[in-house]
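Everything below concerns the one structure shown next.
Residue numbers (the working numbering), protein chains in the order written: chain S, 881 to 1190; chain W, 1223 to 1625.
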């Protein structure tokens, strides 16, 4: 989930969003009664027919009503203040909930003529439908890469201020970093961890018995050892969060040890930002860290770390 | 067609509205039993006489399904009639007519209508964060496939404030808008709240200037035109004419009702400034055989000042588009010529979630029963009550008449 709520297309609505992404407004029309339908459904709201087809329309519209918000309707939308929330009536008679863009407050009045604006909201071309006055020279709002204007630190990481909602949101792109350098988990390290933790179960500490009795044919590292070894592996996060007063490690949403790490293995790690959420406790970043035995598809550790910045 | 006036409200109870932070936390089942005990005592009836239950289903703490059976078992009674109502702020009005209809049909003799609205205690394993997350989208669904999740949320359309603000803006464009008149609604109701010892804003008077100087939330709505959510809870006993004859209080007979659901989002209304109450109220008046001008008071659901304005017009107290003039020309206090929301309305009494609308039902009953104390109307024989759920999405009307 990103910071701003995004539409999740269904099998019913997919043609609508697909068309927007292609720069066209398409809505449903009933083949039986010719009535137009919005939002997308599998039936006509005028005659209950199930024969609907997608029709490109011009997007010519009038402003049915609007409000300017002085308190954001969601904290994630604070950068859109005042939100110009609008109900727009298309020439075809259907109404659409949307926002107005490219207008001064004083230019907005109920009944004004409007036209659509295709707003590209992410790098993959997803598009929201906004509206502006018909005479404005504004048809498309291109994707504004929120990282472009940001500074980089000495390590080359983009510095993202927690107050920059657009950039924070864009961090949650589900793309893994490159692998860290590899480190070796040898029996000496496993033994040291057994002493420290008190977990000296033979499957970790007795190579002779493990060779005979373990399903792995050798000793394996403790899952919790591999988990903490994360600190020894530097994965190259492409960003640095800045502009916070305090950072709190809130623990883990999910910690799994899906595959064993046999003694003597090389392991490496990578990470991705799974989610960024504005919460009452602050900006919450969920970082999924995966640790693998080098060459193994299946991770040995999956750890969804939750970090709060405020 | 409709009710014949053979069922009546004979008892009621409601918790004093309190801020959530300081209100007692009680299980919802516990509140149901507590409110039932208080309402039965008020009616002078025994739990053994109850054989009907109408209960608020959504967000019931201890169960998401089988709510009436669980509540009846907890109360220790068996039922001949059970119903869950899910109409938001219209739930209270919807409960009363359902109970009255069930009594008139002979399904049951005495019905408990109950809405718990204090928070339940957090369990040792409950995450209070979950609560905060669940509350942030208000009445908007975020479920996959919910049209409002897909077509409203990404544009920031959510919650109630902006929906009501957009209705007000369209009204302004069509008929004109006087912010001072809208503020007067809140001010007159605040005066009324001074006459109710349980009102959350008792002891704090309000001027038009204060309303207009308060923070703008969404044009043209100021924060003092928006209801304050509080903890509370309410119960009402509806019973037959025969039992009502033996009740302690003067009964309030349910002689007319109407209900209309038009949409979830007012964006899809035929005309946003004509609310579903127009049809609900005309049905209620016709059923009772009375007219708006016959009413001794109106208890109009008032989540926002704009709700009151449109309800006055659509219930027929004044013509469409003349609500501003009507409010300007009338004193809306219990001392005035058009007593409106004589307990302060929810704006000044407090809105305890879906039980908020019951405060209007109970105020009508209190006036008819002649126990309005310092705010008692000289004449309170016929009172109009409205309920509003969602963003004027679903509305109901009741005509209550003294026996």
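Ideal Cβ positions, reconstructed from N, Cα and C, are used throughout, including at glycine. Fair warning: this is a prediction, and the values are worked out from it, not measured in the lab.
Starting from residue i, trace the beta strand (DSSP E) in both directions and tell me its first and last residue.
i: residue 907 (chain S); result: 905 to 910
i: residue 1152 (chain S); result: 1145 to 1159
i: residue 891 (chain S); result: Unbroken run through residue 891 (chain S): none, as it is neither H nor E.
i: residue 1000 (chain S); result: 993 to 1000
i: residue 1011 (chain S); result: 1007 to 1013
i: residue 1678 (chain W); result: The structure shown does not extend to residue 1678 (chain W), since chain W spans only 1223 to 1625, so no value can be given for it.
i: residue 987 (chain S); result: Premise fails: residue 987 (chain S) is in no beta strand (DSSP E) and is neither H nor E.
i: residue 1041 (chain S); result: 1038 to 1041
Return the residue from the list the options that minimises the CA-CA distance to residue i.
i: residue 1433 (chain W); options: W:1445, W:1281 and W:1540; result: W:1445
i: residue 1401 (chain W); options: W:1515, W:1561, W:1247 and W:1438; result: W:1438
i: residue 1090 (chain S); options: S:976, S:971, S:1143 and S:1021; result: S:1143
i: residue 1500 (chain W); options: W:1306, W:1298, W:1403 and W:1608; result: W:1608
i: residue 1146 (chain S); options: S:1163, S:1054, S:1101 and S:1063; result: S:1063
i: residue 833 (chain S); options: S:1122, S:1086, S:1121 and S:1074; result: Residue 833 (chain S) is absent from the model: chain S starts at 881 and stops at 1190.
i: residue 1245 (chain W); options: W:1342, W:1318 and W:1317; result: W:1342
i: residue 1013 (chain S); options: S:1035, S:986, S:1026 and S:1183; result: S:986
i: residue 1051 (chain S); options: S:1010, S:1009, S:953 and S:1168; result: S:1168
i: residue 1174 (chain S); options: S:964, S:1152, S:1148 and S:1180; result: S:1148
i: residue 1611 (chain W); options: W:1417, W:1316, W:1225 and W:1243; result: W:1316
i: residue 1379 (chain W); options: S:1084, S:989 and S:960; result: S:960
i: residue 1391 (chain W); options: S:957, S:947 and S:1183; result: S:947
i: residue 1314 (chain W); options: W:1303, W:1302 and W:1276; result: W:1276
With the cut-off set at 8 Å, would you say residue i and residue j are in Cβ contact?
i: residue 1572 (chain W); j: residue 1239 (chain W); result: yes
i: residue 1274 (chain W); j: residue 1324 (chain W); result: yes
i: residue 874 (chain S); j: residue 1002 (chain S); result: As shown, chain S starts at 881 and ends at 1190. That puts residue 874 (chain S) outside it, with no answer to give.
i: residue 905 (chain S); j: residue 917 (chain S); result: no
i: residue 1101 (chain S); j: residue 1128 (chain S); result: no
i: residue 1365 (chain W); j: residue 1472 (chain W); result: no
i: residue 982 (chain S); j: residue 1008 (chain S); result: no
i: residue 1456 (chain W); j: residue 1236 (chain W); result: yes
i: residue 1465 (chain W); j: residue 1305 (chain W); result: no
i: residue 980 (chain S); j: residue 1010 (chain S); result: yes
i: residue 1289 (chain W); j: residue 1279 (chain W); result: yes
i: residue 1566 (chain W); j: residue 1418 (chain W); result: yes
My guess is that residue i and residue j are in contact by the Cβ rule of under 8 Å, so how many angstroms apart are they, rounded?
i: residue 1508 (chain W); j: residue 1620 (chain W); result: No, residue 1508 (chain W) and residue 1620 (chain W) are not in contact; Cβ-Cβ is about 13 Å, not under 8 Å.
i: residue 1234 (chain W); j: residue 1475 (chain W); result: Residue 1234 (chain W) to residue 1475 (chain W), Cβ: 15 Å. No contact.
i: residue 1113 (chain S); j: residue 1177 (chain S); result: The pair is not a contact, with the Cβ atoms about 18 Å apart (cut-off 8 Å).
i: residue 949 (chain S); j: residue 1440 (chain W); result: 5 Å
i: residue 1300 (chain W); j: residue 1294 (chain W); result: 7 Å
i: residue 1502 (chain W); j: residue 1618 (chain W); result: 5 Å
i: residue 1564 (chain W); j: residue 1585 (chain W); result: 6 Å
i: residue 992 (chain S); j: residue 942 (chain S); result: 7 Å
i: residue 955 (chain S); j: residue 1158 (chain S); result: 5 Å
i: residue 1396 (chain W); j: residue 1495 (chain W); result: 6 Å
i: residue 1562 (chain W); j: residue 1410 (chain W); result: 7 Å
Residue range of the alpha helix (DSSP H) that residue i falls in?
i: residue 940 (chain S); result: Neither: residue 940 (chain S) is in no alpha helix (DSSP H) and is coded neither H nor E.
i: residue 1088 (chain S); result: 1087 to 1093
i: residue 1383 (chain W); result: 1383 to 1397
i: residue 1589 (chain W); result: 1578 to 1590
i: residue 1401 (chain W); result: 1401 to 1415
i: residue 1259 (chain W); result: 1250 to 1265
i: residue 1568 (chain W); result: 1567 to 1571
i: residue 977 (chain S); result: Residue 977 (chain S) -> not in any alpha helix (DSSP H); beta strand (DSSP E) instead, spanning 975 to 979.
i: residue 1701 (chain W); result: With chain W running from 1223 to 1625 in the structure shown, residue 1701 (chain W) is simply not present.
i: residue 1501 (chain W); result: 1499 to 1510
i: residue 1549 (chain W); result: 1545 to 1551
i: residue 902 (chain S); result: Counting along the chain, residue 902 (chain S) falls outside any alpha helix (DSSP H), and DSSP gives it neither H nor E.
i: residue 1289 (chain W); result: 1289 to 1297
When DSSP builds the beta bridges, which residues end up paired with residue i?
i: residue 946 (chain S); result: S:966
i: residue 1129 (chain S); result: S:1187
i: residue 1479 (chain W); result: W:1620
i: residue 1335 (chain W); result: W:1276 and W:1458
i: residue 1236 (chain W); result: W:1456
i: residue 933 (chain S); result: S:909
i: residue 1371 (chain W); result: Residue 1371 (chain W) is not bridged to any residue.
i: residue 1562 (chain W); result: W:1520
i: residue 1071 (chain S); result: Answer is none; residue 1071 (chain S) lacks a bridge partner.
i: residue 1611 (chain W); result: W:1616
i: residue 1438 (chain W); result: W:1444
i: residue 1170 (chain S); result: S:1150 and S:1182
i: residue 1063 (chain S); result: S:1147
i: residue 1231 (chain W); result: W:1460 and W:1474
i: residue 1451 (chain W); result: W:1573
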